[in-house]
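> My questions will all concern the structure given below.
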Amino acid sequence: MADSEALPSLAGDPVAVEALLRAVFGVVVDEAIQKGTSVSQKCHYSIQKGAAFLGLGTDSVRVVKADERGKMVPEDLERQIGMAEAEGAVPFLVSATSGTTVLGAFDPLEAIADVCQRHGLWLHVDAAWGGSVLLSQTHRHLLDGIQRADSVAWNPHKLLAAGLQCSALLLQDTSNLLKRCHGSQASYLFQQDKFYDVALDTGDKVVQCGRRVDCLKLWLMWKAQGDQGLERRIDQAFVLARYLVEEMKKREGFELVMEPEFVNVCFWFVPPSLRGKQESPDYHERLSKVAPVLKERMVKEGSMMIGYQPHGTRGNFFRVVVANSALTCADMDFLLNELERLGQDL
-14 MADSEALPSL
-4 AGDPVAVEAL
6 LRAVFGVVVD
16 EAIQKGTSVS
26 QKCHYSIQKG
36 AAFLGLGTDS
46 VRVVKADERG
56 KMVPEDLERQ
66 IGMAEAEGAV
76 PFLVSATSGT
86 TVLGAFDPLE
96 AIADVCQRHG
106 LWLHVDAAWG
116 GSVLLSQTHR
126 HLLDGIQRAD
136 SVAWNPHKLL
146 AAGLQCSALL
156 LQDTSNLLKR
166 CHGSQASYLF
176 QQDKFYDVAL
186 DTGDKVVQCG
196 RRVDCLKLWL
206 MWKAQGDQGL
216 ERRIDQAFVL
226 ARYLVEEMKK
236 REGFELVMEP
246 EFVNVCFWFV
256 PPSLRGKQES
266 PDYHERLSKV
276 APVLKERMVK
286 EGSMMIGYQP
296 HGTRGNFFRV
306 VVANSALTCA
316 DMDFLLNELE
326 RLGQDL
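Numbering of the sequence shown is given in this note's numbering, commencing with residue -14 and proceeding in unit increments.
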């Protein structure tokens, strides 16, 4: 079971698939097809792909309601579990999200962990996007409860800007589950009589065989920046996101989708022709066409690139993710000025 707005884990790397494998390990195929996983409405599309890859089928994934801020609703999770059990299914995994792709929402992990504990379910947290916030003493409260997860996916190549690709799967289990799940005992590659501890060999523990030493990217960056350096990087991103929000509030034509709690700033640019016409029957339809036009103009001008998307019942809106540590307040000012310039005739 997963929340419906998250967008970071299986697709770019196999960590979420591995977390699912971990939960299914030991279950025979004819039993597995009746089992289920729960995700929220804002979860990453990779959860569905993972269920397909594992042979569980996408129908085995049950979507849990998210609230207006994109957070999983624990009460609906409890309800979905009850419904699944009543239908003869056997729920086994809940996938929560810390830092959803669009709204930057953090699921209430403590409450979700309570539900999982009551029902004996594996709790996976997709913290690919938001996991780096744990490095900030100021903002780490957003991930309260993550210590109760059975597995966590984290992508340092996102908010920390480590070189692509750099992904981590963190497990509570210490029984060598990776080896038990994926090991094929290929002794011609993974000799067991080496002079060092063969537990250090990762090749026989993961889905793929050959791979880059991605952890070295994180280690080198951490060694160079230190705890405080990485914390400053995270905190500065929050500061700049807040600056952008406050500057938007001072200008006509910028409407926030919601107050952000993370570094995802979602908003509409309302061009002059639509200002003051919120009650018009075609207002939302016309507003939804603004972002694609402005995106085309900024790309052809070569001035900047900002993503946009619809979301639920909301029409297209811009999403600025303030994650680049080289950004400044001047860059935020430029962004707003450029949108005004590009959209002044709309």
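For every residue, glycine included, the Cβ atom is placed at its ideal position computed from N, Cα and C.
Where Trp207 and Asn309 are concerned, what is the direct C-alpha to C-alpha distance, given to the nearest angstrom?
If you number the sequence shown from 1, residue 207 lands on position 222. If you number the sequence shown from 1, residue 309 lands on position 324. Roughly 17 Å separates the two Cα atoms.
> Using the C-alpha atoms, what's the distance from Ser45 back to Gly73?
Taking the first residue of the sequence shown as 1, we reach residue 73 at position 88. Taking the first residue of the sequence shown as 1, we reach residue 45 at position 60. So the alpha carbons of these two residues sit roughly 12 Å apart.
> Identify the continuous alpha helix (DSSP H) that holds Pro59 and give its terminal residues.
By 1-based counting over the sequence shown, the position of residue 59 is 74. Run containing Pro59: Pro59 to Ala71, per the alpha helix (DSSP H) assignment.
> Buried or exposed, going by whether 16 or more other CB atoms sit within 10 Å of the CB of Tyr173?
Position 188 of the sequence shown, counted from the first residue, corresponds to residue 173. Tyr173 should be labelled exposed.
> Does DSSP put Cys194 in a helix, in a strand, or in coil?
Here residue 194 is taken as the residue at index 209 of the sequence shown, counted from 1. Coil.
> Under DSSP, the beta strand (DSSP E) around Gln294 begins and ends at which residues?
Locating residue 294 in the sequence shown gives position 309, where the first residue counts as 1. First-last of the beta strand (DSSP E) with Gln294: Gly292 to His296.
> Just to confirm, are Val275 and Gly238 a CB contact at a threshold of 8 Å?
The sequence position of residue 275 within the sequence shown is 290, counting from 1. The sequence position of residue 238 within the sequence shown is 253, counting from 1. No, they are not a contact pair.
> Closest to Ser121 by CA distance: which of Ser136, Gln193 and Gln213 is it?
Position 136 of the sequence shown holds residue 121. Comparing Cα-Cα distances from Ser121 to each of Ser136, Gln193 and Gln213, the minimum goes to Gln213.
> So, are the CB atoms of Gly55 and Ala90 less than 8 Å apart?
Start at 1 with the first residue of the sequence shown, and residue 55 comes out as number 70. Start at 1 with the first residue of the sequence shown, and residue 90 comes out as number 105. Yes, the pair counts as a contact, with Cβ atoms nearer than the cut-off.
> Compute the distance between the beta-carbons of Val110 and Pro59, then report whether it is under 8 Å.
For the purposes of this step, residue 110 is taken as the residue at position 125 of the sequence shown. For the purposes of this step, residue 59 is taken as the residue at position 74 of the sequence shown. No, the pair does not count as a contact, with Cβ atoms beyond the cut-off.
> Alpha carbon to alpha carbon, how far is Pro266 from Leu145? Give it in angstroms, no decimals.
On the sequence shown, residue 145 is found 160 positions in, with the first residue counted as 1. On the sequence shown, residue 266 is found 281 positions in, with the first residue counted as 1. Their backbone Cα atoms lie some 44 Å apart in a straight line.
> Going by beta-carbon coordinates alone, are Leu78 and Trp107 separated by less than 8 Å?
Locating residue 78 in the sequence shown gives position 93, where the first residue counts as 1. Locating residue 107 in the sequence shown gives position 122, where the first residue counts as 1. Cβ distance < 8 Å, so Leu78 and Trp107 count as in contact.
> By alpha-carbon positions, which one of Arg326, Gly195 and Lys235 ends up nearest to Pro256?
The sequence position of residue 256 within the sequence shown is 271, counting from 1. Minimum Cα distance to Pro256 is reached at Arg326.
> How far does the beta strand (DSSP E) with Gly214 in it reach, from first residue to last?
Translated into the one-based positions of the sequence shown, residue 214 becomes position 229. It is not in any beta strand (DSSP E) - Gly214 instead sits in the alpha helix (DSSP H) that spans Cys200 to Lys234.
> Can you tell me the Cα-Cα spacing of Val118 and Val49, whole angstroms?
Taking the first residue of the sequence shown as 1, we reach residue 118 at position 133. Taking the first residue of the sequence shown as 1, we reach residue 49 at position 64. If you take the alpha carbons of Val118 and Val49, they lie about 25 Å apart.
> So for Cys251, helix, strand or coil by DSSP?
Here residue 251 corresponds to residue number 266 of the sequence shown, with the count starting at 1. It is a strand residue.
> What is the DSSP secondary structure of Leu259, reduced to helix, strand or coil?
As a first step, residue 259 must be located in the sequence shown, where it is residue number 274. Helix.
> How is Pro277 classed by DSSP in three states: helix, strand or coil?
The sequence position of residue 277 within the sequence shown is 292, counting from 1. It is helical.
> Find the nearest neighbour of Arg165 within the set Tyr181, Val191, Leu155 and Leu154, judged by alpha-carbon distance.
On the sequence shown, residue 165 is found 180 positions in, with the first residue counted as 1. Ranking the options by Cα distance to Arg165, first place goes to Val191.
> Let me know if Thr123 comes out buried or exposed under the rule of 16 or more other beta-carbons within 10 Å of its beta-carbon.
Sequence index remark: in the sequence shown, residue 123 carries index 138 (1-based). Exposed.
> What residue range is occupied by the uninterrupted alpha helix (DSSP H) comprising Gly35?
Residue mapping note: residue 35 aligns to position 50 of the sequence shown, counting from 1. Start and end: Ser31 to Phe38.
> Report yes or no: do three or more beta-carbon pairs, one from the segment 177 to 191 and one from the segment 123 to 134, lie closer than 8 Å?
With a cut-off of 8 Å, the segment 123 to 134 and the segment 177 to 191 do not count as touching, because too few Cβ pairs lie within range.
> How long is the line joining the alpha carbons of His126 and Ile291, rounded to whole angstroms?
Reading the sequence shown from its first residue, position 141 is the one you call residue 126. Reading the sequence shown from its first residue, position 306 is the one you call residue 291. Rounded to whole angstroms, His126 to Ile291 spans 29 Å at the Cα level.
> Could you tell me the boundaries of the alpha helix (DSSP H) in which Arg165 lies?
Counting from one through the sequence shown, the residue named residue 165 turns up at place 180. Counting along the chain, the alpha helix (DSSP H) containing Arg165 begins and ends at Leu162 to His167.
> Determine, using beta carbons only, whether Val183 and Asn249 come nearer to each other than 8 Å.
Residue 183 sits at position 198 when you count from the first residue of the sequence shown. Residue 249 sits at position 264 when you count from the first residue of the sequence shown. No, Cβ-Cβ distance for Val183 and Asn249 is not below 8 Å.
> Quick check: what's the CA-CA separation for Arg271 versus Met283?
Here residue 271 refers to the residue found at position 286 when the sequence shown is read from its first residue. Here residue 283 refers to the residue found at position 298 when the sequence shown is read from its first residue. So the alpha carbons of these two residues sit roughly 19 Å apart.
> Kindly indicate the opening and closing residues of the alpha helix (DSSP H) around Arg326.
Taking the first residue of the sequence shown as 1, we reach residue 326 at position 341. Counting along the chain, the alpha helix (DSSP H) containing Arg326 begins and ends at Cys314 to Leu327.
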